[in-house]
Amino acid sequence: MANVTVKVVVLVSGTGTLLQSLIDAVEAGDVDADVVAVVSDQESAPALTRARRHGIEAIAHPWAKGTDRAIWDAQLADIVAAFEPHLVASAGFMKLLGENFLSRFGGTTINTHPSLLPSFPGMRAARDALAAGVKVTGATVFLVDEGIDTGRILYQSAVEVLDDDDADKLHERIKTAERELLVRAVREWEPGEA
Ligand code: GRF
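Letter by letter, the sequence shown follows residues 130 to 323 of the numbering used here.
Pasting the structure below:
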């Protein structure tokens, strides 16, 4: 448990159920943290609405196709830096973070992924696990590096694949495990941790 309230900026792209679980845990007093801002690459991300509903600053920073991705990345880093977070949590964020961002937040950015990495990296982890016929998959929280889902693994938890699973049902069950791991990772984050 950190001896300081961990200031967290959460990066989102979609529905924001992972974000919601963190907000709920903070509001319930289960985690000594403060979600100081939520930033999305999608103007219309429902996750931004969730943040606003809880009085959390919610910022859209969309990448316009064809524009310089490195500039977008540096701007994202500036937006995040303004909140002086101890931790950045990528929770359903669908953009790769580039070297500008990682040069500033590389040691303090975590991501959740719906598989037991290094198995099934990428955007279709649940579908790929089903296609591979595994009986157990799961969730991973890792430190983001320049690769795709390749950073140092911090937490994992297993999720059984059921006979009647399809990709959506399996992914929703995995997300329950992801939410628990995300909350645990924030709870146990020690600012200044490399
Ligand atoms: C999670 O499974 C995350 O790992 C993946 O997308 C999902 C996000 O869910 N990248 P939500 O937007 O938090 O509901």
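Positions of the beta carbon are idealized from the N, C-alpha and C atoms, including for glycine.
Note that the coordinates shown come from a computational prediction; the quantities given were computed from them, not determined experimentally.
Per DSSP, which residues does residue i bridge with? Please list them.
i: Ser286; result: Ala268
i: Val139; result: Val167, Ala218
i: Ala162; result: Val135
Hey, could you find the ends of the alpha helix (DSSP H) residue i is sitting in?
i: Thr146; result: 146-156
i: Asp297; result: 296-316
Can you name, in chain order, every residue of its own chain whose Cβ lies under 6 angstroms from the Cβ of residue i, other than the five neighbours on each side?
i: Gly221; result: Val141, Ser142, Gly143, Leu147
i: Leu216; result: Val135, Val137, Thr237, Trp318
i: Ala154; result: Val160, Val312
i: Lys224; result: Asp170
Got a sec? Which residues, its chain only, sit under 8 angstroms from residue i by beta carbon, not counting five neighbours each side?
i: Ile152; result: Val164, Arg179, Ala180, His183, Ile185
i: Lys264; result: Glu289, Val290
i: Ser250; result: Inspection of the sequence shows that residue 250 is occupied by Pro rather than by Ser. Cβ within range, chain order: His242, Ser244, Ile277, Asp278, Thr279.
i: Trp192; result: Asp170, Arg198, Trp201, Lys224
i: Glu172; result: Ala189, Pro191
What residues in its chain sit with their C-beta under 7 angstroms from that of residue i, if we drop five residues either side in the sequence?
i: Leu311; result: Leu147, Ser150, Leu151, Ala218, Ala220, Thr241, Val270
i: Pro214; result: Lys136, Val137, Val138, Val165
i: Asn229; result: Ala199, Asp202, Ala203, Ala206
i: Pro320; result: Ala131, Val133, Val135, His215
i: Arg313; result: Tyr284
Assuming residue i and residue j make a contact with CB atoms under 8 angstroms, what is their CB distance in whole Å?
i: Asp202; j: Gly227; result: 4 angstroms
i: Pro243; j: Ile188; result: No, Pro243 and Ile188 are not in contact; Cβ-Cβ is about 25 angstroms, not under 8 angstroms.
i: Ala306; j: Gly262; result: Ala306 to Gly262, Cβ: 20 angstroms. No contact.
Contiguous alpha helix (DSSP H) assignments of at least 4 residues, all confined to the segment 167-254: Taken in chain order, the whole alpha helix (DSSP H) runs of length 4 or more contained in the segment 167-254 are 175-182, 198-210, 228-234.
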